[in-house]
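Reviewing the structure listed below.
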Amino acid sequence: MSTNSLHSLWTTAAEEPGAIPTPHIEYAELSPTLIVIGAALIGIVIEAFVPRKHRYTAQLLVAVTALASAFAAVVGLAVSGRGSGESKIAAMGAIAVDGPALFLQGTILLVGLISALIFAERRLDPVAHGKQVDSFAAQAAAAPGGEAEREAVRAGYTTTEVYPLVLFAIGGMLVFPAANDLLTLFIALEVFSFPLYVMCALARRNRLMSQEAAVKYFLLGAFSSAFMLFGVALLYGYSGAIDYAGIARVISGTEPTTNATLAQTTGNDALLLIGAAMVLLGMLFKVGAVPFHMWTPDVYQGAPTPVTGFMAAATKVAAFGALLRLLYVVLPGLRWDWEPVMWGVAILTMLGGAVLALTQTDIKRLLAYSSVAHAGFILAGVIATSEDGVSSVLFYLAAYSFVTLGAFAVVTLVRDAGGEATHLSKWAGLGRRSPLVAAVFAVFLLAFAGIPLTSGFTGKFAVFKAAAESGAGALVVVGVVSSAIAAFFYIRVIVLMFFQEPKADGPSVAVPSLLTTAAIGVGVAVTVVLGVAPQYFLDLAGQAGVFVR
Amino acid sequence: MNPVNYLYLAALLFAIGASGVLVRRNAIVLFMSVELMLNACNLALVTFSRMHGNLDGQIVAFFTMVVAAAEVVVGLAIIVSFFRSRHSASVDDASLMKL
Chain A
257 MSTNSLHSLW TTAAEEPGAI PTPHIEYAEL SPTLIVIGAA LIGIVIEAFV PRKHRYTAQL
317 LVAVTALASA FAAVVGLAVS GRGSGESKIA AMGAIAVDGP ALFLQGTILL VGLISALIFA
377 ERRLDPVAHG KQVDSFAAQA AAAPGGEAER EAVRAGYTTT EVYPLVLFAI GGMLVFPAAN
437 DLLTLFIALE VFSFPLYVMC ALARRNRLMS QEAAVKYFLL GAFSSAFMLF GVALLYGYSG
497 AIDYAGIARV ISGTEPTTNA TLAQTTGNDA LLLIGAAMVL LGMLFKVGAV PFHMWTPDVY
557 QGAPTPVTGF MAAATKVAAF GALLRLLYVV LPGLRWDWEP VMWGVAILTM LGGAVLALTQ
617 TDIKRLLAYS SVAHAGFILA GVIATSEDGV SSVLFYLAAY SFVTLGAFAV VTLVRDAGGE
677 ATHLSKWAGL GRRSPLVAAV FAVFLLAFAG IPLTSGFTGK FAVFKAAAES GAGALVVVGV
737 VSSAIAAFFY IRVIVLMFFQ EPKADGPSVA VPSLLTTAAI GVGVAVTVVL GVAPQYFLDL
797 AGQAGVFVR
Chain B
13 MNPVNYLYLA ALLFAIGASG VLVRRNAIVL FMSVELMLNA CNLALVTFSR MHGNLDGQIV
73 AFFTMVVAAA EVVVGLAIIV SFFRSRHSAS VDDASLMKL
């Protein structure tokens with residue numbers, strides 16, 4: 257590299273600075289994201305100017321309207337063919353508008369819509385000082401147990417900031433699976449992570465635990481995103497480009513204009529391998545794959561349960577979308593290098609999640625480890641490296657996210673004097689006391705376990721079939737074994753609920769308002785429909801299985 | 013001076029930051045170490061930008077600075093509220109949730 261050295265204090269510009277071309281922004285293609293981010297900004301204005309007693313209604317209205325219209329926009333784009341035939345790359349190469357992106361954006365928006373309903377539930381917590389309250393802290397800045405907190409509770413404050421926060425998070429998640437260059441990828445990651453860190457700290461009950469979860473999530477999340485950024489830097493150093501197509505061209509050796517610097521950097525495989533590994537690490541952290549799963553149980557347990565449900569469902573969808581695009585669009589030329597690594601990660605994730613879940617005594621931690629195991633099953637589909645693999649992963653993500661949302665919504669209902677009763681021993685005999693709630697939860701658990709006639713079975717079948725067809729038979733065997741291990745602890749909870757005597761001081765099931773009822777109802781409906789008549793949705797995911805480059 | 017030396021420096025800074033996150037116990041120091049890692053990334057990006065003679069890396073570095081600033085806002089808010097409820101910013105005290 258000595259040919260490139262600098263001997264003076266000044267340097268010449270790389271090329272003549274010409275007129276900067278006006279960027280061309282395709283507003284129609286970007287409308288889902290723009291609507292959601294715009295609504296988040298409106299939410300901040302509401303927070304500043306609308307009187308406190310009207311904020312809840314206003315925020316909820318804005319959030320629901322925005323998410324519904326953004327979903328309509330996604331459907332519109334898909335109907336106009338952007339999802340299948342006429343994929344395109346918008347915003348000067350920054351955002352891809354193609355099948356996987358639209359499918360995942362639609363899923364994220366529906367998940368967000370249902371989450372907003374669960375967030376808005378105000379019937380579960382006992383009325384405090386004549387005011388209905390939700391699951392979020394009266395005033396997050398007040399120290400727990402302090403005078404300021406007591407005053408805030410007495411005044412009946414609620415944290416309506418969660419609605420703009422969740423909209424910002426959804427905005428970032430919409431961009432993450434559609435990002436078409438490394439810069440957009442990194443910014444989208446941070447845009448959806450920061451609101452999630454804050455939302456984790458907002459629980460009304462168990463505030464110390466909630467703050468602890470936020471600190472852990474924040475520090476580990478920032479650590480992993482720093483790794484990802486260094487990976488971005490190394491990939492850029494290797495290829496001299498930050499857009500996916502450019503990097504992929506350099507990796508596969510089809511870049512037409514090879515200059516001296518590029519010849520030097522592409523000669524150094526360490527840049528490529530370490531860079532790709534670090535970017536992958538950042539994504540595997542977000543999906544909670546095994547060597548990087550340590551944050552999952554603590555954060556899922558400490559965060560307010562509605563936030564946990566949202567995070568478990570939507571983050572996974574967004575992060576797997578980005579992972580798929582990275583592996584299939586940027587790094588296909590590196591497939592022989594990443595495939596063995598991903599095999600290892602997938603096996604560790606499936607077995608690790610299933611085995612660790614066996615020992616859990618807290619329902620939220622149990623669901624956290626179960627989400628780790630599910631990340632492993634989805635990774636099996638990712639490794640398939642075929643069009644079937646992509647569409648099976650898309651289908652699995654959609655099916656899994658509704659089951660997760662529903663399961664965590666049920667967790668918010670089972671309560672005792674201290675708030676939610678999450679310890680498993682307290683769930684004993686729930687089926688005797690409130691058969692309907694227990695039955696609904698049993699449906700979700702069966703779907704997690706992958707029992708036929710639920711969406712979980714269809715998803716698992718599609719993923720394992722795609723993996724087996726692409727020659728990953730051993731992976732499928734491990735997957736089936738860990739499904740069997742996982743089924744044990746799901747069934748154990750069902751046995752606990754239905755075949756044990758209820759305890760005298762057991763929890764009671766709160767009667768939710770229409771909001772949570774609707775959310776759980778949608779969860780059950782999707783779980784059953786995707787299990788009984790999945791063909792339409794499988795076709796939909798099948799049509800959406802091609803990335804644009 | 014050979015631009016590759018700046019890459020060695022960036023890698024060194026990144027390693028110092030990463031080991032800081034792993035060995036230190038105070039949440040604020042952990043956070044500073046993460047910021048050091050981000051700055052190491054910036055140095056690497058700008059160096060690569062100089063080597064390749066295009067501006068992409070420098071633009072990423074600008075965005076990284078903005079992200080780092082936003083991270084300070086979010087992170088300090090979380091760490092300060094954590095500190096105020098425990099009168100300690102040690103991450104070893106964050107052990108309410110054990111198996």
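Residue numbers (my numbering), protein chains in the order written: chain A, 257 to 805; chain B, 13 to 111. Beta carbons are placed, not taken as given, at the ideal position from N, Cα and C, and that holds for glycine. Predicted model, so just to flag it, every value in this text is computed and none were measured.
With a 10 Å radius around the Cβ and a threshold of 16 neighbouring Cβ atoms, TRP551 of chain A comes out buried. When the Cα atoms are used, ALA569 of chain A and ALA519 of chain A turn out to be separated by approximately 43 Å.
As DSSP reads the structure, HIS679 of chain A sits in a beta bridge with A:ASP618. Of the candidates A:GLU643, A:LEU701 and A:ALA324, the residue whose Cα lies closest to the Cα of ARG748 of chain A is A:LEU701. Per DSSP, the continuous beta strand (DSSP E) segment holding ASP672 of chain A begins and ends at 670–672. Your pair VAL86 of chain B and TYR453 of chain A checks out as a contact, with CB atoms roughly 6 Å apart and the cut at 8 Å.
When only Cα atoms are considered, GLY337 of chain A and ALA789 of chain A end up about 25 Å apart.
Excluding sequence positions up to five before and after GLY645 of chain A, its CB lies within less than 6 Å of the CB of GLY637 and ALA722, all in the same chain and listed in chain order. Where ALA346 of chain A is concerned, the enclosing beta strand (DSSP E) starts and stops at 344–346. Bounds of the alpha helix (DSSP H) holding VAL331 of chain A are 308–335. Beta-bridge partners assigned by DSSP to PHE392 of chain A: A:ALA459. Not flagged as an interface residue toward chain A: ASP104 of chain B, since no C-beta distance is shorter than 9 Å. Taking a Cβ-Cβ cut-off of 7 Å, GLY565 of chain A has no neighbours in chain B, whose nearest Cβ is about 18 Å from it. Taking TYR494 of chain A as reference, the option from B:LEU57, B:SER31 and B:ASN51 with the minimal CA-CA separation is B:LEU57.
Beta bridge pairing from DSSP links VAL46 of chain B with no other residue. Interface flag for ARG406 of chain A against chain B is unset, since no Cβ pair is found closer than 9 Å. Under the three-state reduction of DSSP, VAL785 of chain A is assigned to helix. Under a criterion of Cβ atoms nearer than 9 Å, no residue of chain A is adjacent to MET44 of chain B; the nearest Cβ is some 11 Å distant. A straight line joining the alpha-carbon of GLY69 of chain B with that of GLY801 of chain A spans about 31 Å. Interface annotation, ASN38 of chain B: not in contact with chain A, CB-CB separation never under 9 Å.
Within the region 704–754 of chain A, the alpha helix (DSSP H) runs of at least 4 residues that lie entirely inside it are, in chain order, 711–725. Nearest Cα to SER647 of chain A within the set A:GLY339, A:THR313, A:ALA322 and A:PHE327: A:GLY339. Excluding its 5 nearest sequence neighbours in each direction, VAL719 of chain A has C-beta neighbours in its own chain below 7 Å: PHE633, ILE634, ALA636, GLY637, SER648, VAL649 and TYR652, listed in chain order. By the CB criterion at 9 Å, ALA684 of chain A and GLN756 of chain A fall inside the cutoff. Take the alpha-carbon of PHE424 of chain A and the one of PHE450 of chain A: they are about 9 Å apart. No Cβ-Cβ contact shorter than 9 Å links PHE793 of chain A with ALA677 of chain A.
Contact annotation: LEU366 of chain A and PHE658 of chain A have beta-carbon atoms nearer than 9 Å.
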